[in-house]
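Residue numbers (UniProt numbering), protein chains in the order written: chain A, 1 to 292; chain B, 1 to 292.
Protein chains: 2
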Amino acid sequence: MASVTVGNSEFDRDTAVTRSAPGVYDAHLSEGWTIINAVNGGYLLALMGRALGDALPHPDPLTVTAHYLTASVPGPAVVRTEVIRTGRTLSTGAATLVQFADDGSEVERMRVLATYGDLAALPDDVRTTAKPPAIPPYEHCLGTSPTPERGGGTPMAPDGRPAIPGSTAIAGRLDLRLDPATVGWAVGAPSGKGEMRGWFGLADGRDPDPLSLLLTVDALPPTAFELGLRGWVPTVELTCHVRHRPAPGPLRVAITTRNLAGGFLEEDAEVWDSEDRLVAQSRQLARTILVQ
Amino acid sequence: MASVTVGNSEFDRDTAVTRSAPGVYDAHLSEGWTIINAVNGGYLLALMGRALGDALPHPDPLTVTAHYLTASVPGPAVVRTEVIRTGRTLSTGAATLVQFADDGSEVERMRVLATYGDLAALPDDVRTTAKPPAIPPYEHCLGTSPTPERGGGTPMAPDGRPAIPGSTAIAGRLDLRLDPATVGWAVGAPSGKGEMRGWFGLADGRDPDPLSLLLTVDALPPTAFELGLRGWVPTVELTCHVRHRPAPGPLRVAITTRNLAGGFLEEDAEVWDSEDRLVAQSRQLARTILVQ
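As structure tokens, then:
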């Protein structure tokens, strides 16, 4: 595995944006972060976050909300940002992601509203009752192994245990290892609990930072699978709070769904760093579009 | 107590907006929903939600995010809305609230991004592991009694128990009764737990609806008080998911803070209706601005 640093990685390259006018950025949505044909929502959020980080005077996303409007496709895209307010410690901005139809008309993919700050400038006090999730050691968790060319993931079955189906291109970008207690769905035996947990890293070894946390909160399989639902669970809205700059090393992610009602469910994610700090909290509202 | 209905209440009158141009609404921020001099953020959210409900083709807020930019003051205000996307079952819009400085210049107070739908059209399936909070009966909880003129609340001490200090105008609009286990702060003995729970209603008896839930999620005292913090806890961002149309009758609200770090904390609120349905979930990111 190549050793890469922040700024020099698949994630950084694929979320890069180029300013083409004040507040306007050209981007290319990579095929490397797709699940079947859908571009991962967390990847899109990170890309938008990078554009806003350039447009706003503060470096770090503190709270970012995205409403997903239409399905993004790999290829060219444009991010337009708006600086709403800049203050001494916080600044707020909005952003829109658009792509173009065959006839050249614009199609809006997502809309983002975010407040940025400087995590390094915050006092170091912590008072928390939150506890890291209980996840078995990395080597006892289940993952997908990237193919050599990283074009797509090949399901892996270590120790004869079941591999995770449905892996696609994004599997080659992630070093994801799921708690076996939350992958019953992969062998037709979902637990019935709305839980998904695992270890998260980037496959090329890039360490986490506030921007990559925006990807992390939406990169695990949906909890709906463990609830026994089959189908799609498209995100309507996702809000992520980045609470601390993550330490280098692997992250742990725990996602919980408590309430499925009227064809909607919430997914609450927590991300913990290698120093047992709660570094991000997110909640999304998703629709359940079932197949029989 | 006067018997009022939805559409005919203090809440409806004070959140009313008048369309002055396509997508633009005049409003008057009422003095009746202030805490000391600050206009309550939940009240503002409901007012913005009403404007968006007029601008969008779907009636009910499903997920609403607000970023609070500057402190609103009672008086005239203008809401400008933008319809971002209208679909068959969901529509998405943005809104901004502005007021005017003495020199006539505009000051933006808050920015909102929201997706609306039709709660009555959703299937009636529910699968939930969420349980209503354990709150003592209404008559054993502690509240504030409105003054006859409703201009401000007079702290009440039933049975000799402590009243809740800091009550101001909004106390006259709400029928709020807090779980005694979460009001230790009022007598200088905070529990140290980031919890606040209670019964919630509108003082004039108006039943809850999806719009009033936007007020409900931000109407209790801050959990920071029970953590022993003294000062202000201004909301940076609040996101509310409305999950079901509430049944008539009193609501129960439970708010939890798990993580205080770097001068920020989250407040997670759940709202339950009289039929034991989880009708709203919210999370806000707030700053702690302490006084010694």
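Ideal placement from N, C-alpha and C gives every residue a C-beta, glycine not left out.
Practice task
State the beta-bridge partners of A:D54 as determined by DSSP.
Solution key: Checking the DSSP bridge columns, you'll see A:D54 has no partner listed.
Practice task
Please confirm if B:F264 has its CB atom under 8 Å from at least one CB of chain A.
Solution key: Chain A, which has a Cβ nearer than 8 Å to the Cβ of B:F264, makes this yes.
Practice task
Compute the Euclidean distance between the alpha carbons of B:L278 and B:A38, then round it to the nearest angstrom.
Solution key: Here the alpha carbons of B:A38 and B:L278 stand approximately 29 Å from one another.
Handout entry: Contact between the stretch 98–117 of chain A and the stretch 58–67 of chain A (3+ Cβ pairs under 8 Å)
Key = Using a C-beta cut-off of 8 Å, the stretch 98–117 of chain A makes contact with the stretch 58–67 of chain A, since at least three inter-stretch Cβ pairs fall below that distance.
Practice task
Verify the CB distance criterion: does A:T235 have a CB-CB separation below 8 Å to chain B?
Solution key: Closer than 8 Å: no.
Practice task
From the DSSP output, in three-state form, read off A:L202 for me.
Solution key: Here A:L202 sits in strand by DSSP.
Exercise for the section: Taking the CB atoms as reference points, tell me whether A:P24 and A:R109 lie closer together than 8 Å. Expected result: A small correction: the amino acid at residue 24 of chain A is Val; Pro does not occupy that position in the sequence shown. Their beta carbons are not under 8 Å apart, which means A:V24 does not touch A:R109 by this criterion.
Exercise for the section: List the DSSP bridge partners of A:D26. Expected result: Under DSSP, A:D26 takes part in a beta bridge, and its partners are A:T18, A:V78.
Handout entry: Contact check, A:L87 vs A:L52, beta carbons under 8 Å
Key = Note on residue identity: the sequence assigns Gly, not Leu, to residue 87 of chain A. For A:G87 and A:L52, no; Cβs fall outside 8 Å.
Exercise for the section: Would you verify that the beta carbon of B:T129 is, or is not, closer than 8 Å to some beta carbon of chain A? Expected result: Yes, contact with chain A.
Problem - Proximity to A:T288 [Cα-Cα], best of A:L227, A:P132, A:A247, A:R173 - result: The shortest Cα separation from A:T288 among A:L227, A:P132, A:A247, A:R173 belongs to A:L227.
Exercise for the section: Could you tell me whether the Cβ atoms of A:T34 and B:R258 are closer together than 8 Å? Expected result: With a cutoff of 8 Å on beta-carbon distance, A:T34 and B:R258 are scored as not near each other.
Practice task
Just the chain B side, please: which residues come within less than 9 Å of A:E106 by C-beta, in chain order?
Solution key: Neighbourhood of A:E106 in chain B, by CB distance below 9 Å: empty, with the nearest CB roughly 12 Å away.
Exercise for the section: Give the straight-line distance between the Cα atoms of B:S274 and A:L215, rounded to the nearest whole angstrom. Expected result: Across the structure, B:S274 and A:L215 are spaced so that their CA atoms are roughly 38 Å apart.
Handout entry: Residue(s) in a DSSP beta bridge with A:M110
Key = A:M110 is bridged to A:Y68, A:L97.
Problem - One or two residues paired with B:G143 in a DSSP bridge - result: DSSP lists B:R177 as partners of B:G143.
Practice task
Could you name the residues that DSSP lists as bridge partners for A:P61?
Solution key: Paired residues: A:Y116.
Problem - Straight-line gap, A:S145 to A:A171 (C-alpha atoms, nearest Å) - result: Reliability of the predicted coordinates at A:S145 is poor, the pLDDT of 49 falling under 50, and no value is obtained from them.
Handout entry: Residues of its chain near A:R85, where Cβ-Cβ distance is below 8 Å and the 5 sequence neighbours each way are ignored
Key = In its chain, beyond the 5 residues on either side, S91, T92 have a beta carbon closer than 8 Å to the beta carbon of A:R85.
Problem - Residues in the stretch 82–109 of chain B having any Cβ partner in chain A nearer than 9 Å - result: Interface annotation for the stretch 82–109 of chain B against chain A: I84, R85, G87, T89, L90, T92, A94, T96, E108, criterion Cβ-Cβ distance under 9 Å.
Exercise for the section: Could you work out which residue in B:A224, B:P136, B:G75, B:S30 is closest to B:A286 when comparing CA atoms only? Expected result: When C-alpha distances from B:A286 are compared across B:A224, B:P136, B:G75, B:S30, the shortest belongs to B:A224.
Handout entry: Where B:A261 falls: helix, strand or coil (DSSP)
Key = Correct three-state label for B:A261: strand.
Practice task
Could you tell me whether any Cβ in chain B is nearer than 8 Å to the Cβ of A:D218?
Solution key: False, the Cβ-Cβ gap to chain B never drops below 8 Å.
Exercise for the section: Kindly indicate which residue of B:R173, B:P137, B:W185, B:G205 has the alpha-carbon position closest to the one of B:G198. Expected result: Ranking B:R173, B:P137, B:W185, B:G205 by Cα distance to B:G198 puts B:P137 first.
Handout entry: Boundaries of the beta strand (DSSP E) in which A:S282 is found, first to last residue
Key = First-last of the beta strand (DSSP E) with A:S282: 278–287.
Problem - Exposure of B:T89, with buried meaning 16 or more beta-carbon neighbours within 10 Å - result: Exposed.
Practice task
Starting from A:L238, follow the beta strand (DSSP E) in both directions and report where the run begins and ends.
Solution key: Counting along the chain, the unbroken beta strand (DSSP E) around A:L238 starts and ends at 235–242.
Problem - Enclosing beta strand (DSSP E) for B:T128 [first to last residue] - result: Counting along the chain, the unbroken beta strand (DSSP E) around B:T128 starts and ends at 126–128.
Exercise for the section: Flag B:R258 as yes if its beta-carbon sits less than 8 Å from any beta-carbon of chain A, otherwise no. Expected result: So yes, B:R258 belongs to the interface.
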